[in-house]
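S.K.: There's a structure below that I have some questions on.
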Amino acid sequence: MHVDNLPAGGTAPPQTGTGPAARPPVVTARGVTKAYGRTRALTGVDLEVRAGEVLGLVGHNGAGKSTLMRVLAGLEACDTGTVLVHGRKASAGDFRSVRMAYQETSLCPDLTVAENMWVSSRHCLPRLRWRRAASDAVRRRLDEMFPGHGVSPRDRVEDLSLARRQMVEIARACLVDRLDLLILDEPTESLGPDAARSLYAYVRRLIGAGTAVLLISHRIREVLSVADRVAVLRDGAVTAERPAAGLGEPDVLELMGAHVAAPSSTGARTASAGTAARETVAELRGAIGPGLREVTLRVGKGEVVGLAGLAGQGQQEVLERLWRPVRRDTTVNVTRAYVPGDRQRSGVLPLWSVGDNLIVTALRGIARRGLRRPAEERAVVGDWVKRLAIRGGAEAGIIELSGGNQQKVIVARAFASPSGLVLLDDPFRGVDVHTKSDLYRLIREEAAKGRSIVWYSSENAEMAHCDRVYVFRAGRIVAELTGEEISEERIIAVSFNEDGGND
Amino acid sequence: MAHLLAPALPDRARMRRSAPAAVSAVALVAMLCVCSSLQPGVLTVEGLTLVLSATVPLVIAAQAQMTLMAVGDIDLGIGNFVGLVTVVSATLLVSSPLLGVLVLIGLVAAYAVLGLLIHLREVPALIATLGASFLWLGLGLFLLPTPGGTTPGWLASFGAWQPAGFPAPLLPILVVALVVYLLTARSAAGVRMRGLGSNAVALRRAGLRPLTSRVFAYATAGALGVLSGLVLASQTGGGDVSSASGYTLTTVAAVILGGGSFSGGTAVPWGAAIGGVTLGLVSVVLSLLDVRSDMQSAVQGVIVLAVLAGRVVVGKVLR
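Read top to bottom, the protein sequences are chains A and B.
Under my numbering, residues -11 to 491 are what the first sequence spells out, in order.
Under my numbering, residues 67 to 385 are what the second sequence spells out, in order.
So this is what it looks like as structure tokens:
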């Protein structure tokens, strides 16, 4: 079995003493362009990934990151320009040592973990008894990368949580006889903080052994802490390449061309003063159930309530309870709309246009006597497309849009309906900063109109946009923060505070 | 905290997946009990042989359907295809055995070509197999306009084979299920087929050709269809192109009863066998219960719906 490119013992960095510039490039892109129809995804990319370094790649959604990754991984040919692997013009076979872990994973949900390993790493598995070999290899690799992962090779992928699926996907990408370049696409979006730390420790070992790693992430702070160099992709071209040392988050954002305004502490939360006086629209009184242990919370009219804490501590169960208040411990007095986080699986209707996707929830409210009114629908759709600057317009097919724009449509769908309570299930995972600030503004505007919003987010910084934040741990609320108390540092402190959860 | 986060999923998930087949098995046992209370002779070797023999071709056809449903397709031509095979075995296989064998091999190849066309032209399998079903029907009517003919001696003696000690029909049912299980659930080719039904994009990214998987699945289904037709001909002793037209939808029901899904990705050979036997037994029970023949179809439908409802309920409980 030769799937273990990384021996268990210590690995000495082979290029000790040589500067980063002297390391040989693994994959080089020169003047690469790529167009889909009239959309020019890449307008001329020059990029070099060198052995033994982590190159961070940042850029907005739609900047061309996904296309560039597919070209570098040899999945798509470029229109003009060249891609060199080890300095030679690459043919299909040369890309075998370039592996990519996809954000949305490229696993077959109905197959077991071991069978998925066969699909992607069959070249390195024996023809007979491959199942045993694949199981051993994936178990060993997962143990190395994510200690305490809790995945068995016999589990079917569809039964695993999102975080575990991501672990399997990354392990799958690393399971090859020779790994020259590992491309990680938003690897930590669904991983918890512990798993993310383990992953980056493993990445360090990989580059110590001379592998190159290309890291794509929206979490700029994370990129800066892991990467040796950072490349900024903007409008289909690399506009800047800097050493990560000495670079700060604001610098990178500036290079990306973002103008992210910090939420003004007075403007965003003017309403937080009168929380107690608000009319209650939804309430949980000591709710218990799978994943919930005596949760008591209330949501006032026009309030933005955040559910924070580490991933999987009961926040999604609260949303589920508010969406379907089947038990008597839950009261919801208004109609609800739900924005799912997993837009690929439960968000978009892929065959429909943007307009149809957007209007589907509001349809009933607009229709009269069971008949649709197309003119009014078009007006509403047009309004939202303009308001959120959805690229492509109402007639475009939803799957032609970039991820960020799809997410705008999903959020607009909820807000276009007349619902009084909007439930957000971590909807901004993997969305670029521009889109995020648009959507944050939208949430505040809609709250000001008297709508209530319950918002679960795995990104604690987002909670600063809430009036009130409940912090969860192990199915309980361990803290309620209001107004000025809400800060990333405070939320993290509370969610990790061991005493808080056991009282 | 880890023990709180670790959901007890896998075992429960495995239970949930085998639940449909378990519900069908319960229905199967219940029907056998009803039969034996009405006719005590049913539980003897001869009785079981009699009761089960009618289900054998259906179960083999259900395995063919299951193979195609594993890649996410559905076969609306299997009934007429099985009928055509009975016609070929009652005519050509008797008059010129070599030509007959070649024609049967050609039919398997035709299935592979059908899969190839479905994949390359991106036609829905539903439409293409429905179209093919008329082709099979037409060919069958051309070869043998009215039911009749005789099957070759070796086939007839297989149909009449009565070993002592165990019911003969169990053997083909179990052997075919085992072969299909090894092929679809244990082998690398099976992983490719199920992978195609599960996530074709992932398959392509890994450098595997979905075309190969689909053609292989269709060829397998064709071979199983031929086998089903031969067994049916051995039992009826003649050829009739419309003798198995009911199989088309019954096999789909058998796969669903056994835990398969329309969306593809899963292979349930044992489940399909149980579902097929269950459906085959329903008509036996109904005739033993003296249900009027004009009501039998309706009652059969109600029983199928009841078993499906049981599957849904069990699935809900195990969630």
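Idealized CB from N, CA, C, for every residue including glycine.
All values reported here derive from a predicted model rather than from experimental measurement.
Starting from the N-terminal side, write out each stretch of the alpha helix (DSSP H) that is 4 residues or longer and does not extend beyond the segment 141 to 228 of chain A.
M.R.: Fully enclosed alpha helix (DSSP H) runs of 4 or longer: 150 to 162, 181 to 196, 208 to 214.
S.K.: Please list, in chain order, all residues of the same chain as B/Arg275 whose beta carbon is under 7 Å from its beta carbon, the five residues on each side excluded.
M.R.: Closer than 7 Å at Cβ, skipping near neighbours: no residue.
S.K.: Determine which residues of the segment 264 to 290 of chain B have a Cβ less than 8 Å from any Cβ of chain A, and write them out in chain order.
M.R.: Hits within the stretch, in order: Ser264, Asn265, Val267, Ala268, Leu269, Arg271, Ala272, Leu274.
S.K.: So what does A/Met88 bridge to, in DSSP terms?
M.R.: BP columns for A/Met88 point to A/Ile171.
S.K.: List, in order along the chain, the chain A residues whose C-beta lies closer than 9 Å to that of B/Arg260?
M.R.: What B/Arg260 touches in chain A: Cys96, Asp98, Leu99, Glu103.
S.K.: Spell out the partners DSSP gives A/Glu434 in its beta bridges.
M.R.: DSSP output for A/Glu434 lists no bridge partner at all.
S.K.: Chain A partners of B/Val246, CB-CB under 9 Å?
M.R.: Per Cβ cutoff of 9 Å: no residues; B/Val246 is ~17 Å from chain A at best.
S.K.: Suppose the cutoff is 7 Å on Cβ atoms and the five residues either side in sequence are ignored; what does the same chain contact list for B/Val297 look like?
M.R.: Cβ within range, chain order: Val122, Pro123, Ile126, Pro238.
S.K.: Please tell me whether B/Thr250 has its Cβ less than 9 Å away from any Cβ of chain A.
M.R.: Not closer than 9 Å to any Cβ of chain A, the Cβ of B/Thr250 fails to qualify, so no.
S.K.: Along the chain, where does the beta strand (DSSP E) that runs through A/Asp124 open and close?
M.R.: Where A/Asp124 is concerned, there is no enclosing beta strand (DSSP E), although the alpha helix (DSSP H) it sits in stretches over 118 to 133.
S.K.: Who are the Cβ neighbours of B/Val117 in its own chain at under 7 Å, not counting the five residues just before and after it?
M.R.: Only Cys101, Val108, Leu347, Val350 meet the Cβ criterion.
S.K.: Leaving out five residues on either side along the sequence, give the residues of the same chain with a beta carbon under 8 Å from the beta carbon of A/Glu157.
M.R.: Excluding positions up to five away in sequence, the list reads Ala89, Tyr90, Thr93, Ser94, Leu95.
S.K.: In angstroms with no decimal places, state the Cα-to-Cα distance between B/Met135 and B/Pro335.
M.R.: So the alpha carbons of these two residues sit roughly 11 Å apart.
S.K.: Would you mind telling me which residues of chain A sit closer than 9 Å to B/Gly29, beta carbon to beta carbon, in chain order?
M.R.: Residue numbering for chain B in the displayed model covers 67 to 385; residue 29 of chain B lies beyond these limits and cannot be assessed.
S.K.: On the three-state DSSP scale, how would you describe B/Gly381?
M.R.: Looking at B/Gly381 - three-state DSSP - the assignment turns out to be helix.
S.K.: With respect to the alpha helix (DSSP H) encompassing B/Trp336, which residues constitute its N-terminal and C-terminal limits?
M.R.: Its alpha helix (DSSP H) spans residues 335 to 354.
S.K.: Please name the residue in B/Thr316, B/Ile140, B/Arg280 whose C-alpha comes closest to that of B/Ile193.
M.R.: It is B/Ile140 whose Cα lies nearest to the Cα of B/Ile193.
S.K.: How is B/Thr195 classed by DSSP in three states: helix, strand or coil?
M.R.: Helix at B/Thr195.
S.K.: Does A/Thr68 come out as helix, strand or coil in the three-state DSSP assignment?
M.R.: Residue state, collapsed to three classes: strand.
S.K.: For the putative contact between B/Ala166 and B/Leu158, defined by C-beta atoms under 8 Å, what is the C-beta separation to the nearest angstrom?
M.R.: Looking at the sequence provided, one finds Gly at residue 166 of chain B rather than Ala. That belief holds up - the Cβ atoms of B/Gly166 and B/Leu158 are roughly 4 Å apart, short of 8 Å.
S.K.: Between B/Ala338 and chain E, is any beta-carbon pair separated by less than 9 Å?
M.R.: Absent from the structure: chain E. Protein chains present are A and B.
S.K.: Could you check whether A/Gly19 and A/Leu221 sit closer than 9 Å to each other, using their CB atoms as the reference points?
M.R.: Contact flag unset, no.
S.K.: Tell me, please, which residues DSSP counts as bridged to A/Val46.
M.R.: Looking at the DSSP assignment, A/Val46 forms a beta bridge with A/Val220.
S.K.: Does DSSP put A/Glu36 in a helix, a strand or coil?
M.R.: Three-state DSSP puts A/Glu36 in a strand.
S.K.: Taking only runs that begin and end inside the segment 440 to 487 of chain A, name each unbroken beta strand (DSSP E) of 3 or more residues, in chain order.
M.R.: You should have 440 to 444, 456 to 461, 464 to 470.
S.K.: Using the three-state DSSP reduction, which class does B/Glu188 fall into: helix, strand or coil?
M.R.: Coil, per DSSP.
S.K.: Residues bridged to A/Arg379 by DSSP?
M.R.: Answer is none; A/Arg379 lacks a bridge partner.
S.K.: Assign B/Thr212 to buried or exposed, taking buried as 16 or more other Cβ atoms, counted over all protein chains shown, within 10 Å of its Cβ.
M.R.: Classification of B/Thr212: exposed, given that the 10 Å Cβ count is below 16.
S.K.: If you run the structure through DSSP and keep just helix, strand and coil, what is A/Ile276?
M.R.: Strand.
S.K.: Is A/Glu388 helix, strand or coil when you go by DSSP?
M.R.: Three-state result, A/Glu388: helix.
S.K.: Starting from the C-beta of A/Tyr190, find all residues in its chain whose C-beta is less than 6 Å away, skip the five residues before and the five after it, and write them out in chain order.
M.R.: Closer than 6 Å at the Cβ level, and outside the excluded window around A/Tyr190, lie Met133.
S.K.: Taking Cβ-Cβ distances below 7 Å as the criterion, which residues of the segment 113 to 142 of chain A are in contact with chain B?
M.R.: Cβ contacts with chain B: Trp118, Gly136, Gly138, Ser140.
S.K.: Could you pull the start and end residues of the alpha helix (DSSP H) that A/Asp344 belongs to?
M.R.: Counting along the chain, the alpha helix (DSSP H) containing A/Asp344 begins and ends at 342 to 347.
S.K.: Can you list the residues of chain B that A/Leu539 reaches, using a CB-CB cut of under 8 Å?
M.R.: Nothing in the structure corresponds to residue 539 of chain A, since chain A is present only between -11 and 491.
S.K.: At a CB-CB cut-off below 9 Å, which residues of chain B make contact with A/Val314?
M.R.: Correct list: empty, because the minimum Cβ distance to chain B is about 13 Å.
S.K.: Would you report the Cα separation of B/Val95 and B/Phe232, rounded to the nearest angstrom?
M.R.: Taking the straight line from one Cα to the other gives about 18 Å.
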